[in-house]
Amino acid sequence: MSNVVQSTGGARLCLVLAAVLWSLGSVFMRLLREPLGLGLDSPQLSPLLIAFYRGLFGGLFMLALVRPGQFTFRPVMVPMVITFTVMSGLYLSALGLGAAANAIFLQNTAPVWVFVFAVLVLGESSDRRGWQSVFLAAAGAVVIVAGGWPVASSPEQERREIVVLLMGVGSGVVYAVVVLFLRVLRNHAAVWLVAMNLLGTAIMLALFTLITDGPTAFVNWVMTPSLAQIAVLAACGVFQMGVPYFLFTRSLRAVSAQEAAIITLIEPLLNPMWAYLLTPHTDTPTPAMFVGGGLILLALIWKYVPFRCRPAC
Numbered sequence: 344m345s346n347v348v349q350s351t352g353g354a355r356l357c358l359v360l361a362a363v364l365w366s367l368g369s370v371f372m373r374l375l376r377e378p379l380g381l382g383l384d385s386p387q388l389s390p391l392l393i394a395f396y397r398g399l400f401g402g403l404f405m406l407a408l409v410r411p412g413q414f415t416f417r418p419v420m421v422p423m424v425i426t427f428t429v430m431s432g433l434y435l436s437a438l439g440l441g442a443a444a445n446a447i448f449l450q451n452t453a454p455v456w457v458f459v460f461a462v463l464v465l466g467e468s469s470d471r472r473g474w475q476s477v478f479l480a481a482a483g484a485v486v487i488v489a490g491g492w493p494v495a496s497s498p499e500q501e502r503r504e505i506v507v508l509l510m511g512v513g514s515g516v517v518y519a520v521v522v523l524f525l526r527v528l529r530n531h532a533a534v535w536l537v538a539m540n541l542l543g544t545a546i547m548l549a550l551f552t553l554i555t556d557g558p559t560a561f562v563n564w565v566m567t568p569s570l571a572q573i574a575v576l577a578a579c580g581v582f583q584m585g586v587p588y589f590l591f592t593r594s595l596r597a598v599s600a601q602e603a604a605i606i607t608l609i610e611p612l613l614n615p616m617w618a619y620l621l622t623p624h625t626d627t628p629t630p631a632m633f634v635g636g637g638l639i640l641l642a643l644i645w646k647y648v649p650f651r652c653r654p655a656c
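Add 343 to the 1-based position in the sequence shown for my numbering, that's all there is to it.
Okay, structure coming up:
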């Protein structure tokens, strides 16, 4: 695996696989929160609890793969872990408090922020076709969210939707900062970086719940999932968080952050498809999703399918 990821072509393939695994988030969320007849939706798990367990299981799995010589520390790793936790909290809060369109908003806008920050902050080179691709993806995000955003029935609901929207936007921006940290730390072991981020998220979410709700409520909170739900959460932590973040982090050694952001646009194309297969009665694609998804697909085609054009392209 290490030799494969070190090549540009191998890194791109790993990024595609990471995007596919990330897209399974909609599958795990619906298994745990929708009445599919499997009994996994009871007791009902909060988004924060799901984030805690997937970080815990994914982090422990990655930690078990870290070799003794790979345990390293740099001060910049502390803000990286904090930023990763903030990203997870904002994303799952937006998903739990508002419309599902916010999840798509994160998945579609995050690559745009990564591209912009990689060029402006890290000084990575860019070309006209790259900028055109990322703005096509941004247009797709706007279409999807605008087409699926609910109409507020009261000023209070309108204020709530604005807060949720800001959470979605904020999570996309913070995700871009996480990617910049991973890019800067790319010479450190990817498995160690992922383990730190996931376990750090679980620890900080646990401390937050313990401080705000007290010891008794914290114990009840942790003990909420059934054994079947624990098994699903473990699979989610390993295959939807741990493995794809390892592939993504390791790939940043061979490709730029902005290219990684464009390739992982595959995720928001697949996410609604998995959701529709599981819950077609609530997740039927809308015209806005088809148009927005088409723009995202066009962004990928424009970036990677060769065209005859002037060198400026």
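C-beta atoms are modelled at their ideal positions from N, C-alpha and C, and glycine is treated no differently.
Fair warning: this is a prediction, and the values are worked out from it, not measured in the lab.
Skipping 5 residues on each side, what residues in its chain have a beta carbon closer than 7 Å to that of residue i?
i    : result
L406 : A538 and L542
A408 : Sequence check: residue 408 is Leu here, not Ala. The residues are V534.
V517 : T426, V429, M430 and L433
A577 : F400
S476 : I605, A642, W645 and K646
T567 : P386, L388 and L392
L613 : V363 and S366
H531 : T415
P498 : none
A545 : F395, G398, L399 and G402
For residue i, collect the residues of the same chain with a Cβ closer than 8 Å to its Cβ; drop the 5 residues on either side in sequence, then sort them by chain order.
i    : result
I425 : G543 and M547
T592 : L525, R529, A533, L536 and V537
R417 : L528 and H531
Which residue comes first and which comes last in the alpha helix (DSSP H) that contains residue i?
i    : result
S594 : V586 to S594
G402 : P390 to A407
G353 : T351 to S366
P411 : Segment: none, P411 is in no alpha helix (DSSP H) and carries neither H nor E.
V575 : L570 to A578
L621 : I609 to L621
Q387 : Q387 -> no alpha helix (DSSP H), and no H or E assigned at all.
Q601 : A600 to I606
Only counting the same chain, and skipping five residues up and downstream in sequence, which positions put a Cβ closer than 6 Å to that of residue i?
i    : result
R596 : R529
L641 : L479
L638 : L479, A482 and G483
Y588 : V537
A461 : E467, A600 and Q601
C579 : F371 and R397
G513 : L433
Report, in whole angstroms, the separation of the C-beta atoms of residue i and residue j, which I expect to be a contact under 8 Å.
i    : j    : result
A394 : E610 : Not a contact, Cβ separation roughly 18 Å.
L358 : I554 : 38 Å between Cβ atoms; not a contact.
Q419 : V527 : The sequence shown places Val at residue 419, not Gln. 7 Å between Cβ atoms; contact.
W617 : V421 : About 35 Å; that fails the 8 Å criterion.
F404 : V581 : 5 Å
Is residue j closer than 9 Å to residue i when the C-beta atoms are compared?
i    : j    : result
F458 : Q601 : yes
W456 : G515 : yes
L643 : L379 : no
R376 : L388 : yes
V464 : L383 : no
P454 : L360 : no
S366 : S569 : no
V598 : A354 : yes
G412 : N540 : no
G636 : P615 : yes
Q583 : R410 : no
V565 : A549 : yes
Check whether the Cβ of residue i lies closer than 9 Å to any Cβ atom in chain B.
i    : result
N563 : Considering every chain present, this structure includes no chain B. It has just one protein chain.
Could you check if residue i belongs to the surroundings of the ligand COA, using beta carbon to heavy atom distance under 8 Å?
i    : result
S599 : For the structure depicted, the ligand COA is absent and the ligand set is empty, with no information on it obtainable.
Start-end ranges of the alpha helix (DSSP H) lying completely within the stretch 509 to 565, minimum 4 residues
533 to 556 and 558 to 565
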